[in-house]
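Undergrad:
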Amino acid sequence: MPAVSKGDGMRGLAVFISDIRNCKSKEAEIKRINKELANIRSKFKGDKALDGYSKKKYVCKLLFIFLLGHDIDFGHMEAVNLLSSNKYTEKQIGYLFISVLVNSNSELIRLINNAIKNDLASRNPTFMNLALHCIANVGSREMAEAFAADVPRILVAGDTMDSVKQSAALCLLRLNRTSPDLVPMGEWTSRVVHLLNDQHLGVVTAATSLITTLAQKNPDDFKTSVSLAVARLSRIVTSVSIDLQDYTYYFVPAPWLSVKLLRLLQCYPPPEDAAIRSRLTECLEAILNKAQEPPKSKKVQHSNAKNAVLFEAISLIIHHDRWVPHRCFLVWSAEALLAVARWPSWLRSTQWTTRGTWTPSST
Amino acid sequence: MVAGSRPTSCRNYRCWIERLNHITESKTLKFALEKTTEDMEQQIIRETFHLVSKRDENVCNFLEGGLLIGGSDNKLIYRHYATLYFVFCVDSSESELGILDLIQVFVETLDKCFENVCELDLIFHVDKVHNILAEMVMGGMVLETNMNEIITQVDAQNKMEKSEAGIAGAPARAVSAVKNMNLPEIPRNINIGDISIKVPNLPSFK
Chain C
1 MPAVSKGDGM RGLAVFISDI RNCKSKEAEI KRINKELANI RSKFKGDKAL DGYSKKKYVC
61 KLLFIFLLGH DIDFGHMEAV NLLSSNKYTE KQIGYLFISV LVNSNSELIR LINNAIKNDL
121 ASRNPTFMNL ALHCIANVGS REMAEAFAAD VPRILVAGDT MDSVKQSAAL CLLRLNRTSP
181 DLVPMGEWTS RVVHLLNDQH LGVVTAATSL ITTLAQKNPD DFKTSVSLAV ARLSRIVTSV
241 SIDLQDYTYY FVPAPWLSVK LLRLLQCYPP PEDAAIRSRL TECLEAILNK AQEPPKSKKV
301 QHSNAKNAVL FEAISLIIHH DRWVPHRCFL VWSAEALLAV ARWPSWLRST QWTTRGTWTP
361 SST
Chain P
1 MVAGSRPTSC RNYRCWIERL NHITESKTLK FALEKTTEDM EQQIIRETFH LVSKRDENVC
61 NFLEGGLLIG GSDNKLIYRH YATLYFVFCV DSSESELGIL DLIQVFVETL DKCFENVCEL
121 DLIFHVDKVH NILAEMVMGG MVLETNMNEI ITQVDAQNKM EKSEAGIAGA PARAVSAVKN
181 MNLPEIPRNI NIGDISIKVP NLPSFK
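As they're listed, the protein sequences go chains C and P. Using UniProt numbering, you'd call the opening residue of the first sequence number 1 and step up by one each time. Using UniProt numbering, you'd call the opening residue of the second sequence number 1 and step up by one each time.
Written out as structure tokens, the structure reads:
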């Protein structure tokens with residue numbers, strides 16, 4: 001069953017889009033768009049208060065017109081009104097509009113920040129996710145000022161849901177990039193490191209991205225992440241008993257997470273503890289050996305994922321070589337790379353179908 | 001077509017995602033770019049389109065970005081599916097091969113969500129496509145790569161949408177219910193024999 005039902009949805013929007021597509025010339029399209037813009041303007045200015053569904057429909061039409069490449073200079077107020085609706089679909093369209101058409105009007109920014117504050121405090125994970133997405137995608141200085149203290153709190157709170165934790169981690173990362181002076185380092189930093197032990201691999205992936213960036217500026221605060229990262233990497237790469245079903249991508253276990261963990265480890269010198277060091281060596285050996293095995297699948301995605309992990313592992317080996325020269329590892333890396341070059345499928349990096357649609361190739 | 005974020009004070013680009021039709025139009029889904037104006041965004045689209053559409057089928061999927069998008073610090077990673085290109089512009093904070101596979105996951109997810117997705121689905125359901133993308137990428141970084149998780153979230157959103165539709169959604173649901181109903185054959189001629197009904201003579205009203 002398709003997750004998106006084509007029957008429901010805004011009929012007026014579908015009709016408008018069909019009209020645009022049926023226009024025979026650029027002038028006809030512009031004429032149709034102007035007609036619609038005039039219609040929407042009059043509805044927004046009209047005496048009758050619009051109901052939520054109509055507002056949503058018109059804001060969505062404005063968004064579509066903007067995506068076609070035409071400038072939109074109104075509709076922001078109505079989109080902000082949608083943010084305060086209790087209905088998920090209306091909120092969603094409001095946030096989408098705001099994220100795409102960011103406005104520097106300070107009055108609106110205040111209203112948007114208020115709406116976001118309410119959603120963050122709402123305890124409804126879907127609303128919280130929408131709000132965090134908006135903050136991450138816009139990432140303006142005003143938002144950073146308003147929320148830089150709240151987001152870390154949400155991230156490390158015990159009762160936050162997994163999906164909200166993921167969003168909060170990446171939101172915090174974005175705020176840190178745009179306004180690093182506003183994100184306070186605090187006791188949450190040690191709790192963030194412990195997210196590497198979380199059961200949900202999506203949370204671990206997001207946390208690793210966050211820690212990697214923060215560790216580049218404050219390596220001492222995140223030193224404890226090295227042992228946790230090695231442990232997690234070892235569980236993914238070496239132990240076959242763990243069921244990573246959902247995160248296994250074309251026979252490669254959690255490739256994106258493996259790459260991120262390897263990158264995190266490149267922020268630090270080789271671990272001093274002998275046990276951790278040997279565990280890491282085991283992982284790297286396992287990755288290099290897997291590269292030399294014949295591929296488990298002919299599909300290019302399998303080799304892409306396997307090679308992504310391999311290249312990152314080799315980067316780590318080269319990085320560690322500065323401190324502890326390890327000739328064997330360098331030789332093994334070279335052998336692994338030669339093995340990769342031997343399998344022809346990795347040279348082909350695109351696949352498409354000839355069916356006329358662009359569904360993924362099944363070869 | 002452009003979706004973009006307006007200028008902020010930082011100069012660093014993150015990642016933007018674009019879907020190009022190989023003939024004329026170009027539809028950008030999402031920018032997590034900073035320090036751009038709308039004109040620049042349009043120019044970036046045009047430049048990307050020129051760079052990518054000239055590529056042969058058998059060359060690799062990685063391009064160095066043009067001057068407008070930060071030059072050689074940023075790369076364009078694209079995949080070509082029939083008439084559409086999906087282009088991601090990334091800097092060094094994400095693995096390039098990982099992004100290549102992310103495009104694949106995105107396309108497979110769209111395929112699952114829309115059932116044999118085609119270009120029209122993307123045009124008529126821009127908001128749904130945005131929502132699916134929002135489950136995967138956030139603030140320019142990879143958020144979730146597990147297809148089942150993403151689809152679970154999308155399903156939950158659709159359930160919420162259906163429950164909110166309420167009375168307004170009733171006609172649409174009635175129509176689909178009737179379409180799916182199995183009506184038995186109705187006989188055309190109903191013969192119930194001769195019936196004579198005597199009509200009483202009613203006095204006229206005075």
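Each residue gets a CB set at the ideal place from its N, CA and C atoms; glycine is no exception.
Helix, strand or coil for P:Arg-55, going by three-state DSSP, please let me know.
TA: Within the second sequence, numbered from 1, the residue matching residue 55 of chain P stands at position 55. Correct three-state label for P:Arg-55: coil.
Undergrad: Give a yes or no on whether 8 Å exceeds the smallest Cβ distance from P:Val-87 to chain C.
TA: Walking along the second sequence from the start, residue 87 of chain P turns up at place 87. Not closer than 8 Å to any Cβ of chain C, the Cβ of P:Val-87 fails to qualify, so no.
Undergrad: Contact between the stretch 145-157 of chain P and the stretch 133-146 of chain C: three or more CB pairs below 8 Å?
TA: No contact exists between the stretch 145-157 of chain P and the stretch 133-146 of chain C.
Undergrad: Checking contacts by CB at 8 Å: is C:Ile-93 closer than that to chain P?
TA: For the purposes of this step, residue 93 of chain C is identified with residue 93 of the first sequence, where counting begins at 1. Yes, C:Ile-93 counts as interfacial toward chain P.
Undergrad: Using a Cβ-Cβ cut-off of 8 Å (strictly less than) and excluding sequence neighbours within five positions of C:Glu-312, which residues of its own chain qualify?
TA: In the first sequence, residue 312 of chain C corresponds to position 312, counting from 1. Once the five neighbours on either side are set aside, the close Cβ partners of C:Glu-312 are Ser-258, Val-259, Leu-262, Arg-263.
Undergrad: Check C:Tyr-58 in the structure and name its three-state DSSP category.
TA: As a working note, residue 58 of chain C is residue 58 in the first sequence. The answer is helix: DSSP assigns C:Tyr-58 an H, G or I state.
Undergrad: Any idea which residues DSSP pairs P:Glu-64 with across the strands?
TA: Here residue 64 of chain P is taken as the residue at index 64 of the second sequence, counted from 1. BP columns for P:Glu-64 point to P:Lys-75.
Undergrad: Quick one, are the C-beta atoms of C:Ile-287 and C:Leu-310 less than 8 Å apart?
TA: As a first step, residue 287 of chain C must be located in the first sequence, where it is residue number 287. As a first step, residue 310 of chain C must be located in the first sequence, where it is residue number 310. Yes, these two residues count as a Cβ contact at 8 Å.
Undergrad: C:Pro-152 bridges to which residues according to DSSP?
TA: As a position in the first sequence, residue 152 of chain C is number 152, starting the count at 1. According to DSSP, C:Pro-152 bridges with nothing at all.
Undergrad: Roughly how far, in whole angstroms, is the beta-carbon of C:Val-237 from the beta-carbon of C:Cys-267, given that I think they are within contact range, below 8 Å?
TA: Mapped onto the first sequence, residue 237 of chain C falls at position 237. Mapped onto the first sequence, residue 267 of chain C falls at position 267. The pair is not a contact, with the Cβ atoms about 19 Å apart (cut-off 8 Å).
Undergrad: Using a Cβ cut-off of 8 Å (strictly closer), state whether C:Ser-349 contacts chain P.
TA: Sequence index remark: in the first sequence, residue 349 of chain C carries index 349 (1-based). With a pLDDT of 38 at C:Ser-349, under the threshold of 50, the modelled position of this residue cannot be trusted; read the value that follows with caution. Interface residue, yes.
Undergrad: Among the candidates C:Ser-122, C:Lys-91, C:Gly-75, C:Ile-20, whose CA atom is the shortest distance from the CA of C:Leu-108?
TA: Taking the first residue of the first sequence as position 1, residue 108 of chain C is located at position 108. It is C:Gly-75.
Undergrad: Between P:Ala-156 and C:His-133, is the Cβ-Cβ spacing less than 8 Å?
TA: By one-based count along the second sequence, residue 156 of chain P stands at place 156. By one-based count along the first sequence, residue 133 of chain C stands at place 133. Their beta carbons are not under 8 Å apart, which means P:Ala-156 does not touch C:His-133 by this criterion.
Undergrad: By the 8 Å beta-carbon criterion, what residues does the stretch 99-114 of chain P contribute toward chain C?
TA: Those residues of the stretch 99-114 of chain P that come within reach of chain C (Cβ to Cβ, closer than 8 Å) are Leu-100, Asp-101, Leu-102, Gln-104, Val-105, Val-107, Glu-108, Asp-111, Lys-112, Cys-113, Phe-114.
Undergrad: Rounded to whole angstroms, what is the Cα-Cα separation between C:Leu-182 and C:Phe-147?
TA: By 1-based counting over the first sequence, the position of residue 182 of chain C is 182. By 1-based counting over the first sequence, the position of residue 147 of chain C is 147. Taking the straight line from one Cα to the other gives about 9 Å.
Undergrad: Sort C:Asn-105, C:Phe-16, C:Leu-67, C:Glu-27 by Cα distance to C:Lys-57 and report the nearest one.
TA: Start at 1 with the first residue of the first sequence, and residue 57 of chain C comes out as number 57. The residue with the shortest Cα to Cα distance from C:Lys-57 is C:Phe-16.
Undergrad: Mapping DSSP to helix, strand and coil, what is P:Cys-118?
TA: If you number the second sequence from 1, residue 118 of chain P lands on position 118. DSSP places P:Cys-118 in coil when its eight states are reduced to three.
Undergrad: With a threshold of 8 Å between beta carbons, is C:Asp-150 in contact with chain P?
TA: As a first step, residue 150 of chain C must be located in the first sequence, where it is residue number 150. It does not: the Cβ of C:Asp-150 has no partner Cβ on chain P nearer than 8 Å.
Undergrad: Find out if the Cβ-Cβ distance for the pair P:Val-59, P:Leu-76 is shorter than 8 Å.
TA: Your numbering for residue 59 of chain P matches position 59 in the second sequence. Your numbering for residue 76 of chain P matches position 76 in the second sequence. No, these two residues do not count as a Cβ contact at 8 Å.
Undergrad: What residues in the stretch 304-336 of chain C have a beta carbon less than 8 Å from any beta carbon of chain P?
TA: Listed by position, the residues of the stretch 304-336 of chain C near chain P (Cβ gap below 8 Å) are Asn-304, Ala-305, Asn-307, Ala-308, Phe-311, Glu-312.
Undergrad: Mark P:Asp-121 as exposed unless 16 or more other C-beta atoms lie within 10 angstroms of its C-beta, in which case mark it buried.
TA: The residue you call residue 121 of chain P lines up with position 121 of the second sequence. P:Asp-121 comes out buried.
Undergrad: For C:Leu-172 versus C:Val-151, is the C-beta spacing smaller than 8 Å?
TA: To locate residue 172 of chain C, count along the first sequence from 1; it is residue 172. To locate residue 151 of chain C, count along the first sequence from 1; it is residue 151. Yes.
Undergrad: Grouping DSSP H, G and I as helix and E and B as strand, with all else coil, what is P:His-80?
TA: Residue 80 of chain P sits at position 80 when you count from the first residue of the second sequence. Note: P:His-80 maps to strand in three-state DSSP.
Undergrad: With a threshold of 8 Å between beta-carbons, can P:Met-136 be considered close to chain C, or not?
TA: Position 136 of the second sequence, counting from 1, holds the residue named residue 136 of chain P. No, its Cβ sits nowhere closer than 8 Å to a Cβ of chain C.
Undergrad: What residues from chain P crowd round C:Ser-167, counting only those whose CB sits closer than 8 Å?
TA: Here the question's residue 167 of chain C lines up with position 167 in the first sequence. Per Cβ cutoff of 8 Å: Met-138, Leu-143.
Undergrad: Name the chain B residues that come within less than 7 Å of C:Ser-25, Cβ to Cβ?
TA: Considering every chain present, this structure includes no chain B. Its protein chains are C and P.
Undergrad: Can you tell me whether DSSP reads C:Asp-77 as helix, strand or coil?
TA: Translated into positions along the first sequence, residue 77 of chain C becomes position 77. Here residue 77 of chain C turns out to be Met, not Asp, going by the sequence shown. Correct three-state label for C:Met-77: helix.
Undergrad: Report all residues from its chain with a CB closer than 7 Å to the CB of C:Pro-125; omit the five preceding and five following residues, and keep chain order.
TA: Residue 125 of chain C sits at position 125 when you count from the first residue of the first sequence. Here the set comprises Met-161, Ser-163, Val-164.
Undergrad: Kindly indicate which three-state DSSP category C:Tyr-250 falls into: helix, strand or coil?
TA: Counting from 1 along the first sequence, the entry for residue 250 of chain C is found at position 250. C:Tyr-250 falls in the coil class under three-state DSSP.
Undergrad: Taking any Cβ of chain P, which residues in the stretch 77-90 of chain C have a Cβ under 7 Å from it, in chain order?
TA: If the cut-off is 7 Å between Cβ atoms, the stretch 77-90 of chain C has Lys-87, Tyr-88, Thr-89 near chain P.
Undergrad: Write down the C-beta distance between C:Leu-228 and C:Leu-196 rounded to the nearest angstrom, noting that I regard them as a contact closer than 8 Å.
TA: Numbered from its first residue, the first sequence carries residue 228 of chain C at position 228. Numbered from its first residue, the first sequence carries residue 196 of chain C at position 196. At roughly 4 Å, the Cβ-Cβ gap stays under 8 Å, so C:Leu-228 and C:Leu-196 are in contact.
Undergrad: Quick one: Cα of P:Ala-32 to Cα of C:Thr-224, how far?
TA: To locate residue 32 of chain P, count along the second sequence from 1; it is residue 32. To locate residue 224 of chain C, count along the first sequence from 1; it is residue 224. In this predicted model, P:Ala-32 has a pLDDT of only 45, less than 50, meaning its place in the structure is not dependable enough to derive any value.
Undergrad: Assign C:Ala-274 to one of two classes, buried (16 or more other C-beta atoms within 10 Å of its C-beta) or exposed (fewer than that).
TA: As a first step, residue 274 of chain C is located in the first sequence; it is residue number 274 there, counting from the start. With fewer than 16 other Cβ atoms within 10 Å, it is exposed.
Undergrad: Can you name the start and end residues of the alpha helix (DSSP H) that C:Val-164 belongs to?
TA: As a first step, residue 164 of chain C must be located in the first sequence, where it is residue number 164. Residues 162-178.
Undergrad: In its own chain, which residues sit with a C-beta less than 7 Å from the C-beta of C:Leu-280, not counting the 5 before and 5 after it?
TA: Counting from 1 along the first sequence, the entry for residue 280 of chain C is found at position 280. Correct list, in chain order: Val-230, Pro-271.
Undergrad: Rounding to the nearest angstrom, what Cα-Cα distance links C:Ile-72 and C:Leu-62 in this structure?
TA: Indexing the first sequence from 1 puts residue 72 of chain C at position 72. Indexing the first sequence from 1 puts residue 62 of chain C at position 62. About 7 Å.
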